[in-house]
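Sequence lines, in order, name chains A and B.
Using this note's numbering, the letters of the first sequence map in sequence onto residues 51 to 394.
Using this note's numbering, the letters of the second sequence map in sequence onto residues 51 to 394.
Cβ atoms here follow ideal geometry from the backbone N, Cα and C, with glycine treated the same way.
Worksheet: one structure, shown below.
2 protein chains.
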Amino acid sequence: MESKPKVTIHHIAEKLNITASTVSRALNDNPRISDLTKKAVLKTAKELNYQPNNIAAALRHGKSHIIGIIVPTADRAFFSSVVRGIEDIANNLNYKVIICQSYDNYEKEIQTIDALLSARVDGIIASIGKNTENFDHFKRVQAEKIPLVLFDRTTDALEVSQIMIDDYLGAYKVVEHLIQQGCRRIAHFTSPKKVSIFKERLRGYTDALSDHGIPYDEDLVVQSNLQLVDGRESMEKLLKLKERPDGVFSASDYGAMGAMQVLKENKYKIPQEVALAGFSNDPFTSFTDPALTTVDQFSMTMGKKTAEIFFEQLKSGDKTAVPQKIVLKPELIIRESSLKKGSL
Amino acid sequence: MESKPKVTIHHIAEKLNITASTVSRALNDNPRISDLTKKAVLKTAKELNYQPNNIAAALRHGKSHIIGIIVPTADRAFFSSVVRGIEDIANNLNYKVIICQSYDNYEKEIQTIDALLSARVDGIIASIGKNTENFDHFKRVQAEKIPLVLFDRTTDALEVSQIMIDDYLGAYKVVEHLIQQGCRRIAHFTSPKKVSIFKERLRGYTDALSDHGIPYDEDLVVQSNLQLVDGRESMEKLLKLKERPDGVFSASDYGAMGAMQVLKENKYKIPQEVALAGFSNDPFTSFTDPALTTVDQFSMTMGKKTAEIFFEQLKSGDKTAVPQKIVLKPELIIRESSLKKGSL
DNA sequence: GCAAGTTGCGCAAACGATTGCATATTAAAT
DNA sequence: ATTTAATATGCAATCGTTTGCGCAACTTGC
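Printed below as a string of structure tokens:
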């Protein structure tokens, strides 16, 4: 039932009649300390239940051994999975991870950066908020000379390493698949935001169309925030068209889900009358009826790769900071919502 | 393009020909400093782009202004929502939050506690992992005299404040509802784990049955890990019974989802032949077909309440540490999966 | 005009660990 | 036996803030 007086290296030192320096070195396995002393130190450290004060250490050598991760939201399977990938690597390297959510809010993103900076994290890994168009706060991170790595929602406005998936390719594959299934009027839900992922998906959509000789019809491209309600609204808008689409590719799974609801409410047959596809392979997509065709982003892999690049940069200590750009290949997940013809 | 030399209060002091103490006090708005000096300090702080070193401050007064949150996983809507609630309050009080995931892994939970402790967090808010049956690591937190508050997955083995929902009541309401819909053979998916929430839900189930004169049949209570696959297996087992159930109440939404899949695959009509209900109101439950009846846990409210209790305890500084037990009322969300009769 | 407050600020010691340099002890080399 | 190296540890400064105590200077009251 011992109370406050936290045990420090000095207590250990005192008990062993050596100095704190020796204890410190012993605990850090410094080769200049004899094995005998090391054993003794370790032993009494256990006995006294010594807990190193990381704060003091951090103050001394300016490293907190904590890295900050900023995601728009942690409750999206994709992000939490990436985070998990990063965590795995970080923990192995004995780094702690502090997860922050920007909630796609620009102001909050700035605050978060400041909080992390003043917590003196050793580096930051981030996915940019949807509404962010100014990147000065990220530049401040770079000005501090601590590593910054972006994943998924990245930007070329910054000179940083970025890990993303090939959104263009993913979208292209989806649309090509829909065409192969016989769709000729394929709509697309996209976002007006500056984030490159949506622009890339749109590009994949248009290229796939033109490569297969299908004319581009701007009426079929609907901009929104890509949430469930947006998907519903977009779909309702599309159904009012003179000639309704026979396929919908939403840049988000939630958008596709909204479309599915509206289609079902209006008794359209999916995929026979309208084929449907989303993007992200959110877990719920396999629970819907029909199950939703989508694009898997290998989130865990992305996390690991991101962490890898990050720690590489961390070790290299701001010199060899050649920004890398890693592009991972996504995978098309075909499910009933788009499968008009029999098998695969 | 100025590089390393971080600006400290000493630089400010030097520039103003005062001492660091004064600068420190000025920055902390100490009443013993004249307004004039304060203005001057603030001004040059801006000019020099001064960033306080929280680590040094933390070292000095033993408080990091960081609190640790431990959740089994951040990608479950319930947990991430609670986290968000906590975050809101914490941020307002100028506390940073570090989110850790135990992944329901006992070892990892211990490691996490140690990591947080050595990061010198000012307190810990946690939801216990499913497999945890020994609570010594939490006792270590208490031994450090820093506040510890548990939410949702709690235990009475510790003398801590806990915030939970009335799982008993939620379960009772579900089962009563199923009975009112005409179900007479209601199965229940539960977990063998020590966590009280599942025991409470089971108790609600049995009480509701007996209160309505329905005999308890142990064949209808299936233990599992409550994930999707478990739900599938459990349902398959139930369908092999001589007399199949006409209702299933799963202690988790994922378990209910697994049951739904199996039932649909076997062409059973939901809810006509088998009514279905889950627990947690996970977002996907409204996307399934039929949409899943479930129990909402007011996660955001729980988060806020938890944070409230936590900071109360933090302020009170380990004296008045009377452990509180807050029980929130859940709400039954009735959807098609259980609605045999017409309206509500 | 003097004791007693008040106000505004400086001094210096913390907080706990790390680390360059110095020192003492022992071993190896000549 | 004496110089040279290696080995093992101690000394003391340092990281950037905070804070108890002390000391001026300036009010105030009588």
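Cβ-based neighbour list, residue i, same chain, cut-off 7 angstroms, excluding 5 preceding and 5 following
i              : result
residue 197(B) : 173, 360, 363 and 364
residue 281(A) : 239, 300, 304, 305, 306, 307, 308 and 309
residue 374(B) : 211 and 359
residue 162(A) : 120, 150 and 152
residue 100(B) : 57 and 62
residue 335(B) : 303, 328, 341, 342 and 344
residue 394(B) : Residue confidence is low: residue 394(B) scores 49 on pLDDT, short of 50, so the model does not pin down where it sits. No coordinate-derived value is stated.
residue 244(A) : 183
Contacting residues, own chain, Cβ-Cβ under 6 angstroms from residue i (five flanking each side not counted)
i              : result
residue 381(B) : 346
residue 59(A)  : 70, 73 and 74
residue 379(B) : 216
residue 170(B) : 114
residue 185(A) : 207 and 208
residue 248(B) : 240, 241 and 301
residue 274(A) : 280 and 284
residue 53(A)  : Confidence at residue 53(A) is low in this model, with a pLDDT of 44, below 50, so the placement of that residue is unreliable and no value is reported for it.
Distance between residue j and residue i (C-alpha atoms, nearest Å)
i              : j              : result
residue 252(B) : residue 224(B) : 11 angstroms
residue 51(A)  : residue 194(B) : Its pLDDT being 36, under 50, residue 51(A) is placed unreliably by the model, and nothing is read from it.
residue 344(A) : residue 300(B) : 28 angstroms
residue 62(B)  : residue 83(B)  : 15 angstroms
residue 319(B) : residue 113(B) : 59 angstroms
residue 214(B) : residue 332(B) : 17 angstroms
residue 376(A) : residue 356(A) : 9 angstroms
residue 64(A)  : residue 98(A)  : 12 angstroms
residue 187(A) : residue 204(A) : 14 angstroms
residue 295(A) : residue 242(A) : 21 angstroms
residue 111(A) : residue 157(B) : 30 angstroms
residue 229(B) : residue 219(B) : 15 angstroms
residue 133(B) : residue 142(A) : 25 angstroms
residue 137(A) : residue 293(B) : 48 angstroms
residue 366(A) : residue 372(A) : 10 angstroms
Whether residue i touches residue j by CB criterion (8 angstroms)
i              : j              : result
residue 340(B) : residue 286(B) : no
residue 119(A) : residue 160(A) : no
residue 153(B) : residue 102(B) : no
residue 183(A) : residue 217(A) : no
residue 124(B) : residue 149(B) : yes
residue 135(B) : residue 338(B) : no
residue 115(B) : residue 80(B)  : no
residue 403(B) : residue 322(B) : No statement about residue 403(B) is possible, as the shown extent of chain B runs from 51 to 394 and does not include it.
residue 95(A)  : residue 77(A)  : yes
residue 177(B) : residue 202(B) : yes
residue 291(B) : residue 261(B) : no
residue 354(B) : residue 139(B) : yes
residue 437(B) : residue 131(B) : Because chain B spans 51 through 394 in this model, residue 437(B) falls outside it and cannot be assessed.
residue 105(B) : residue 127(A) : no
residue 147(B) : residue 117(B) : yes
residue 384(A) : residue 227(A) : yes
residue 390(B) : residue 232(B) : yes
Sequence-distant residues of the same chain with beta carbon closer than 8 angstroms to residue i, five excluded per side
i              : result
residue 298(B) : 236, 237, 238, 239, 285, 288, 306, 309, 324, 325, 326 and 327
residue 192(B) : 198, 208, 209 and 210
residue 221(A) : 250, 251, 252, 253, 254, 255, 258, 299, 301, 329 and 345
residue 155(A) : 179 and 181
residue 267(A) : 235
residue 272(A) : 237, 238, 239, 240, 284, 287 and 288
residue 265(B) : 259
DSSP beta-bridge partners of residue i
i              : result
residue 273(A) : 240(A)
residue 346(B) : 330(B) and 381(B)
residue 147(B) : 117(B)
residue 375(B) : 212(B)
residue 174(B) : 118(B) and 198(B)
residue 298(B) : 237(B) and 326(B)
Name, going along the chain, the residues of the stretch 160-173 of chain A whose beta-carbon falls closer than 7 angstroms to a beta-carbon of chain B.
165, 167, 168, 169 and 170
Anything in the stretch 102-121 of chain B with a Cβ closer than 8 angstroms to a Cβ of chain A? List those residues in chain order, please.
102, 103, 104, 105, 106, 108, 109, 114 and 116
Below 7 angstroms between beta carbons is the criterion; list the residues of the stretch 173-190 of chain B that meet it against any residue of chain A, in chain order.
none
What are the residues of the stretch 333-350 of chain A that lie near chain B, defined by any Cβ-Cβ distance shorter than 8 angstroms?
333, 334, 337, 338 and 339
Could you please tell me which residues of the stretch 250-275 of chain B, in chain order, have their CB closer than 7 angstroms to any CB of chain A?
none
Anything in the stretch 144-155 of chain B with a Cβ closer than 9 angstroms to a Cβ of chain A? List those residues in chain order, please.
146, 147, 148, 149, 150, 151 and 153
Name, going along the chain, the residues of the stretch 302-327 of chain B whose beta-carbon falls closer than 7 angstroms to a beta-carbon of chain A.
307
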